[in-house]
Structure formats: C-alpha cells, structure tokens
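Chemist: I'd like to ask some things about the structure below.
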Amino acid sequence: TLEAGVVAVQGDVSEHADAIRRAAANHGEEAVVREVRHSGVVPECDLLLLPGGESTAISRLLEREGIDEEIVAHVEADKPVLATCAGLIVASRDARDERVETLDLVDATVDRNAFGRQKDSFEAPLDVEGLAEPFPAVFIRAPLIAAVGDDVDVLATWEERPVAIRDGPVVGTSFHPELTADARLHDLAFFENAEAVL
Ligand code: GLN
C-alpha cells in the first residue's frame, strides 16, 4: 500500500485523491490518501500532491504548520511530487510575489495569474511528452512559467510557453489535471518511474 499525501488547504482534494487511486490501480497498487494539514504526515508519505487553490494561503499554512521543511526533505529524498497550478507556484524557485514563500523544488520562475490574461479559464488539448494522446488541460487563472533552468524538462507547451515541466522527482503543471476523468498526468508524475515509488 502506498501512502499518498495531498496538501489540503482548500478545495480540489477529492478529485486528486480519485486520480491518485486510479493511477495506482493501473499499476496494481492501492493508494491510501492522507490529507496534509499539519506536520508529521508528509514524512510518512511515498508521494505528495500540491494542489491548486490560492498560493498565498497555501504558502502561509505550509510555513505556519512547519510542513514546508517536510516537503523539501521529501524531494531531497527523491520521492515524487505533483504540483499543480497554485501548487506549482509554491513549488517554484521564484514567484515574483513576496507574499508567496516558494519552496524551490523546481528550478522555474513563475508569474501568478499572468497566463492567458485575455481569458481567465479555458480548456485545451495538450500534447504531453510521454502520453500517446493529447491531455484535456483545464487552465484556471493559471501561472505563467516565465523561465526554467537547464536541468528542467519541458513536458508540454501551450502557445510556445511551458505548461508542464519536470525537475527530478517533481512534476509541475500550470493546469488542473484532476478536473477531467483522466489520471494520466498523475500516472506520469507518480508511476512513470514506478520503481522510485514502489
Ligand atoms: N491564481 C492562483 C494563485 O495565484 C492559482 C490558481 C489556481 O490554482 N487555479 O495562487
């Protein structure tokens, strides 16, 4: 049985939990999902999900509860993380916003709410490296990935900008992979290199 932690500050948790369970089942595994609201849970987790929401609020809670350092240790131990939307903002090296204490898990600079200013939210079929068919990507006030370091793999772009990236054990998306009945992104982040988890 795998222990999967989902940072649970705001909404979005049950959709991610379902996607994680489905992705695990594809590999003949059972995932037990733990909601992360306090310190002490992350160190027991094999994999971790940083969901969307409001990055300033998420950042504040992680720091207040001392979860931030546990997440950094999780990544230093080379355990997988999927960080989506606001989660990616928190996971970035720099979010160009002093209200967000970034964790520097991925070597990327992001701009909050700067992606697709014309339309706040939209859905688009995305070609993602490692997936055979396009992924239905839902963008909601998504962060723009402005710059990535040399060691970062860009897994998908939209209008020539990176929207899915990988840096070691961390996959980050500016969109919300939990909002469609498609667990391939969770599968890619957590089980593609299954031996790292199992
Ligand atoms: N705009 C949000 C932020 O800056 C992120 C949006 C989302 O997670 N859907 O934190």
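If you number the sequence shown the way the UniProt record's numbering does, the last residue is 199 and the count never jumps. Heads up, the beta-carbon is just placed ideally off N, CA and C, and yes, glycines get one too.
On the DSSP bridge list, what partners appear for E36?
Modeler: Per DSSP, V7.
Chemist: Does DSSP put S122 in a helix, a strand or coil?
Modeler: Three-state result, S122: strand.
Chemist: Is R113 near the ligand GLN, judged by its Cβ being under 7 Å from some heavy atom?
Modeler: For the ligand GLN, at least one heavy atom lies less than 7 Å from the Cβ of R113.
Chemist: I want to check one thing, is the minimum distance from the CB of G53 to the heavy atoms of the ligand GLN below 7 Å?
Modeler: Correct: G53 has its Cβ closer than 7 Å to the ligand GLN.
Chemist: Looking at the secondary structure, which residues open and close the alpha helix (DSSP H) in which F136 lies?
Modeler: That residue, F136, is in no alpha helix (DSSP H); its beta strand (DSSP E) goes F136 to I141.
Chemist: Report the residue ranges of all beta strand (DSSP E) runs contained in full by the stretch 156–184; include only those spanning at least 3 residues, in chain order.
Modeler: If we require 3 residues or more, the beta strand (DSSP E) runs fully inside the stretch 156–184 come out as 162–168 and 171–174.
Chemist: Measure the C-alpha to C-alpha separation of residue 235 and A20 and round it to an integer number of angstroms.
Modeler: The requested residue 235 is not part of the displayed model; the chain covers only 2 to 199.
Chemist: Can you find a heavy atom of the ligand GLN that lies under 7 Å from the Cβ of C86?
Modeler: Flag set: Cβ of C86 near the ligand GLN.
Chemist: Find out if the Cβ-Cβ distance for the pair A143, F176 is shorter than 8 Å.
Modeler: Closer than 8 Å, so yes.
Chemist: Taking the alpha-carbon positions, what's the E66 to P137 distance?
Modeler: Roughly 34 Å separates the two Cα atoms.
Chemist: Report the residue from R61, D112 and V139 whose alpha carbon sits nearest the alpha carbon of A125.
Modeler: Of the listed residues, the one whose Cα sits closest to A125 is V139.
Chemist: Please classify T2: is it buried, with 16 or more other beta-carbons within 10 angstroms of its beta-carbon, or exposed?
Modeler: The residue in question, T2, is exposed, as its Cβ has fewer than 16 Cβ neighbours within 10 Å.
Chemist: Is any heavy atom in the ligand GLN found nearer than 7 Å to the beta carbon of I72?
Modeler: No, the beta carbon of I72 sits no closer than 7 Å to any heavy atom of the ligand GLN.
Chemist: In whole angstroms, what is the alpha-carbon distance linking I59 and N27?
Modeler: In a straight line, the C-alpha of I59 is about 30 Å away from that of N27.
Chemist: Hey, is R23 close to the ligand GLN, as in C-beta under 7 Å from one of its heavy atoms?
Modeler: No, Cβ of R23 sits at least 7 Å from all heavy atoms of the ligand GLN.
Chemist: Any heavy atom of the ligand GLN closer than 7 Å to the Cβ of R162?
Modeler: No; taking the cut-off as 7 Å, the Cβ of R162 has no heavy atom of the ligand GLN nearer than that.
Chemist: Give me the DSSP bridge partner(s) of V111.
Modeler: Looking at the DSSP assignment, V111 forms a beta bridge with I146.
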